Amino acid sequence: MIIVSEVNREQGAGANRAGGVWRRLARRLSAWQAQMERWARFVRWQWQPEARAWLHEQTTRLASASPQQRWQAAAALRGAPLGGRDLAALGDLLHDAEPFVRWEAAMTLKDVGGQVAIGILQQTLAGESPVGLASAAEALAELGEVTAVPRLVELTRHDDPGVRASACAALGRLAQAQDADVIQALIATLKDAIPGVRQLAAQALGRVGAPLAVTPLIAALRRRDEFRLVRRSATWSLGQLGPDPLAVEALSEALTDKDGEVRLLAAQGLGQIGHAKVVNLLRPLVEDWHDTGRGTVAMAVIKAIQEIEARNATLQPPTPEVPIEHGEESLAERKRRLGLMPAEAAPAPPAEAEPVPPPAEAAPVPPPAEAAPVPPPPPPAAEEAPPAPAAEQPAQTDAAPKRPSRRKAEPKRAAPHAPRKKKSAADEPVMPAEGLELNDEA
722 MIIVSEVNRE QGAGANRAGG VWRRLARRLS AWQAQMERWA RFVRWQWQPE ARAWLHEQTT
782 RLASASPQQR WQAAAALRGA PLGGRDLAAL GDLLHDAEPF VRWEAAMTLK DVGGQVAIGI
842 LQQTLAGESP VGLASAAEAL AELGEVTAVP RLVELTRHDD PGVRASACAA LGRLAQAQDA
902 DVIQALIATL KDAIPGVRQL AAQALGRVGA PLAVTPLIAA LRRRDEFRLV RRSATWSLGQ
962 LGPDPLAVEA LSEALTDKDG EVRLLAAQGL GQIGHAKVVN LLRPLVEDWH DTGRGTVAMA
1022 VIKAIQEIEA RNATLQPPTP EVPIEHGEES LAERKRRLGL MPAEAAPAPP AEAEPVPPPA
1082 EAAPVPPPAE AAPVPPPPPP AAEEAPPAPA AEQPAQTDAA PKRPSRRKAE PKRAAPHAPR
1142 KKKSAADEPV MPAEGLELND EA
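Each number in our numbering comes from the position in the sequence shown (counting from 1) with 721 added on.
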């Protein structure tokens, strides 16, 4: 039914535009209302007497004079155990004057299913009421009832544009590519006087996947005076028709279209087709940030390139092995081959360089002069150094003499102005006799 409202919007019918608003509101309300209704039905069917009374009340409201009451009753009966009389009352609502009531009745019949409900929908589709035909076509398409295809082909030539639009949308969901009558009917509808009908016919051809539709879709895309929604639908459908050379050529031309949405759909279609030769055409559009200010075309192009590269594992021949010291050269060549670096910006290969000697700082560094041990200053000439106490002299043995410690030389580095106190003989310790003998021997 949104399809019908779009067509009526093109015709400028104010009342039908209001009906389209009601229909969209009804769909949004149904999203949260469906869960509430499931719980309500679960509770109602626990008590059969109350359930029967409630069911009778709702079926009575189907004939209410208020469109709101009729819509609420049709929505409440979804999933209820309806009999033939109740289904017939819902079938009557398919001819209601309000579009949101017709849509709710058709969706309730679709949810009920069964041969009785399908029979009511097919009977309505065989009628002549434009509002009933549009609602029944949409409901049968939701049910996947392929037996309605011949009647839908006839409805593509109906006098009412809403019926023609609904028939095209339903055929796009039910028909197959081998249905020649369907393909010819949709191709003929591409020349309809109403842009909304042409748009839905182009979409249906893409859904069906008919190769015969490539040429008519290209003609619709290349008509610059065509309605923009028709050109967008034709671009999308060409991307769904597979790797046809004509489709690839037309989509490549559409990459430079003035319409940003056409460029976006063309990039997506080329990504789905997966031709490696279009990568060079897609790369300049990576910088296309002027479509809507959000860079949607650039993001679609990047995704398309990724899809193509995934389908074609190697876009270029494998890079030969090179020595490690020439790794930078191989990287630059690879970037230049893939088009990621302009030829003039590529760095020149460096010349063969002589082996560089190790830096000077790597050589062993001698210790600084101040770190060398400072010899003790000589004693004053006028004063003879006293002999060291026996306790401090190392005992001379047969072993090698030990290296003198720096700590013993510290008293000799005293300042010259500090007077030394001369020890008396009484203060000096008496050395053992054997020590004297050793000294005499020395």
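C-beta: ideal position from N, C-alpha, C; glycine also.
Here the structure is a predicted model, which means the values were calculated and not measured.
Taking only runs that begin and end inside the region 894–931, name each unbroken alpha helix (DSSP H) of 4 or more residues, in chain order. Listed in chain order, the complete alpha helix (DSSP H) runs (minimum 4 residues) inside the region 894–931 are 901–910 and 916–929.
Give the straight-line distance between the Cα atoms of Thr1040 and Leu1002, rounded to the nearest whole angstrom. Locating residue 1040 in the sequence shown gives position 319, counting from the first residue. Locating residue 1002 in the sequence shown gives position 281, counting from the first residue. Interpretation of Thr1040 is limited by its pLDDT of 37, a score under 50 that renders its predicted location unreliable; the figure taken from the coordinates is listed afterwards. Those two C-alpha atoms are separated by around 23 Å.
Buried/exposed call for Thr781, threshold 16 Cβ in 10 Å: As a working mapping, residue 781 is identified with position 60 in the sequence shown. Exposed: under 16 other Cβ atoms inside 10 Å.
Work out the CA separation of Gly865 and Gln961 for me, nearest whole Å. Walking along the sequence shown from the start, residue 961 turns up at place 240. Walking along the sequence shown from the start, residue 865 turns up at place 144. Counting only the Cα atoms, Gly865 lies some 21 Å from Gln961.
Please report the residue range of the alpha helix (DSSP H) in which Lys979 lies. The residue labelled residue 979 in the question sits at position 258 within the sequence shown. Where Lys979 is concerned, there is no enclosing alpha helix (DSSP H), given that its DSSP letter is neither H nor E.
Buried or exposed for Pro966, please, with buried defined as at least 16 other CB atoms from any protein chain shown within 10 angstroms of its CB. Residue 966 sits at position 245 when you count from the first residue of the sequence shown. Counting Cβ neighbours within 10 Å, Pro966 comes out exposed, since fewer than 16 surround it.
Sorted by chain position, which residues of the same chain lie with C-beta nearer than 8 Å to Ile994's C-beta, five sequence neighbours on each side aside? On the sequence shown, residue 994 is found 273 positions in, with the first residue counted as 1. Closer than 8 Å at Cβ, skipping near neighbours: Gly960, Gly963, Pro964, Ala968, Val969 and Leu972.
Reduced DSSP category for Arg806 - H, G, I as helix; E, B as strand; rest coil: By one-based count along the sequence shown, residue 806 stands at place 85. Helix.
DSSP state of Ala857 mapped onto helix, strand, coil: One-based indexing of the sequence shown puts residue 857 at position 136. The answer is helix: DSSP assigns Ala857 an H, G or I state.
Between which two residues does the alpha helix (DSSP H) harbouring Ala869 extend? Mapped onto the sequence shown, residue 869 falls at position 148. Looking at the DSSP string, Ala869 is not in any alpha helix (DSSP H), and its letter there is neither H nor E.
Could you tell me which of Gly835, Val1022 and Met828 sits nearest to Gly853, measuring between CA atoms? If you number the sequence shown from 1, residue 853 lands on position 132. Of the candidates Gly835, Val1022 and Met828, the one whose C-alpha sits nearest the C-alpha of Gly853 is Met828.
Mind checking Leu798: buried by the 16 CB within 10 Å criterion, or exposed? Counted from its first residue, the sequence shown places residue 798 at position 77. The residue in question, Leu798, is buried, as its Cβ has 16 or more Cβ neighbours within 10 Å.
Between the CA atoms of Leu873 and His996 - distance to the nearest angstrom: To locate residue 996, count along the sequence shown from 1; it is residue 275. To locate residue 873, count along the sequence shown from 1; it is residue 152. Each residue's Cα considered, the two are about 36 Å apart.
Minimum C-alpha distance to Pro871 - residue among Glu825, Val884, Ala860 and Ala888: Here residue 871 is taken as the residue at index 150 of the sequence shown, counted from 1. Nearest option by C-alpha distance: Ala888.
Taking Leu991 and Ala940 to be in contact with their CB atoms under 8 Å, please state how far apart those CB atoms are, rounded to whole angstroms. Residue numbering aside, residue 991 sits at position 270 when the sequence shown is read from its first letter. Residue numbering aside, residue 940 sits at position 219 when the sequence shown is read from its first letter. Going by Cβ atoms, the distance from Leu991 to Ala940 rounds to 19 Å, so no, they are not a contact pair.
7 Å Cβ cutoff met for Val983 and Arg1004: Numbered from 1 along the sequence shown, position 262 holds the residue referred to as residue 983. Numbered from 1 along the sequence shown, position 283 holds the residue referred to as residue 1004. No, Cβ-Cβ distance for Val983 and Arg1004 is not below 7 Å.
Which residues in the same chain as Arg885 place their Cβ atom closer than 6 Å to its Cβ, once the five residues preceding and following it in sequence are excluded? Taking the sequence shown and counting its residues from 1, the one referred to as residue 885 is at position 164. Thr877, His879 and Val918.
Any idea what DSSP makes of Ser726, helix, strand or coil? The residue you call residue 726 lines up with position 5 of the sequence shown. Residue placement at Ser726 cannot be trusted, given a pLDDT of 44 that sits under 50; what the coordinates show is reported in the next sentence. Three-state result, Ser726: helix.
Rounded straight-line distance, which links the Cα of Lys831 to that of Gln779: Within the sequence shown, residue 779 is the residue found at index 58, counting from 1. Within the sequence shown, residue 831 is the residue found at index 110, counting from 1. Distance between the alpha carbons of Gln779 and Lys831 is about 18 Å.
Please return the same chain residues whose Cβ sits closer than 6 Å to the Cβ of Ala826, not counting the five positions on each side in sequence. Residue 826 sits at position 105 when you count from the first residue of the sequence shown. If we look at Ala826 and ignore the five residues flanking it on each side, its Cβ neighbours are Ala795, Leu811, Leu814 and Leu815.
Between Leu892 and Ala869, is the Cβ-Cβ spacing less than 7 Å? Position 171 of the sequence shown, counting from 1, holds the residue named residue 892. Position 148 of the sequence shown, counting from 1, holds the residue named residue 869. No; because the gap between Cβ atoms is not below 7 Å, this pair is not in contact.
Which of helix, strand or coil does DSSP assign to Ala1106? Here residue 1106 is taken as the residue at index 385 of the sequence shown, counted from 1. Here the model assigns Ala1106 a pLDDT of 46, short of 50, so the residue's position is not dependable, and the following value carries that caveat. Ala1106: coil per DSSP, three-state reduction.
Sequence-distant residues of the same chain with beta carbon closer than 7 Å to Leu776, five excluded per side: For this step, residue 776 is matched to residue 55 along the sequence shown. Cβ within range, chain order: Ala801.
Please classify Gln844 as buried or exposed, where buried requires at least 16 neighbouring CB atoms within 10 angstroms. The count along the sequence shown starts at 1 and reaches residue 844 at position 123. Exposed, because fewer than 16 other Cβ atoms sit within 10 Å of the Cβ of Gln844.
Would you mind reading off the limits of the alpha helix (DSSP H) that contains Glu1184? The structure shown does not extend to residue 1184, since the chain is modelled only from 722 through 1163, so no value can be given for it.
To the nearest angstrom, report how far apart Arg928 and Glu863 are at their CA atoms. Stepping through the sequence shown from its first residue, residue 928 is reached at position 207. Stepping through the sequence shown from its first residue, residue 863 is reached at position 142. Here the C-alpha atom of Arg928 lies approximately 15 Å from the C-alpha atom of Glu863.
With DSSP as the reference, label Glu1050 as helix, strand or coil. Indexing the sequence shown from 1 puts residue 1050 at position 329. Only weak support exists for where Glu1050 lies, its pLDDT of 44 falling under 50; the coordinates are left without a value.
Residues near Leu861 by beta carbon distance below 6 Å, same chain, minus five either side: Mapped onto the sequence shown, residue 861 falls at position 140. The residues are Leu842 and Ala869.
Leaving out five residues before and five after Thr1118 in sequence, what residues of the same chain have Cβ atoms less than 7 Å from its Cβ? As a first step, residue 1118 must be located in the sequence shown, where it is residue number 397. Interpretation of Thr1118 is limited by its pLDDT of 48, a score under 50 that renders its predicted location unreliable; the figure taken from the coordinates is listed afterwards. Correct list: empty, nothing qualifies.
Option nearest Val837 by Cα separation, candidates Thr910, Leu976 and Asp807: Indexing the sequence shown from 1 puts residue 837 at position 116. When each option's Cα is compared against that of Val837, the closest is Asp807.
Sub-7 Å separation of Gly848 and Ala898 beta-carbons: Residue mapping note: residue 848 aligns to position 127 of the sequence shown, counting from 1. Residue mapping note: residue 898 aligns to position 177 of the sequence shown, counting from 1. For Gly848 and Ala898, no; Cβs fall outside 7 Å.
Beta-carbon proximity of Gly883 to Ala906, cut-off 7 Å: Counted from its first residue, the sequence shown places residue 883 at position 162. Counted from its first residue, the sequence shown places residue 906 at position 185. Their beta carbons are not under 7 Å apart, which means Gly883 does not touch Ala906 by this criterion.
Starting from Gly960, trace the alpha helix (DSSP H) in both directions and tell me its first and last residue. Taking the first residue of the sequence shown as position 1, residue 960 is located at position 239. Arg949 to Gln961 is the span of the alpha helix (DSSP H), which, as asked, contains Gly960.
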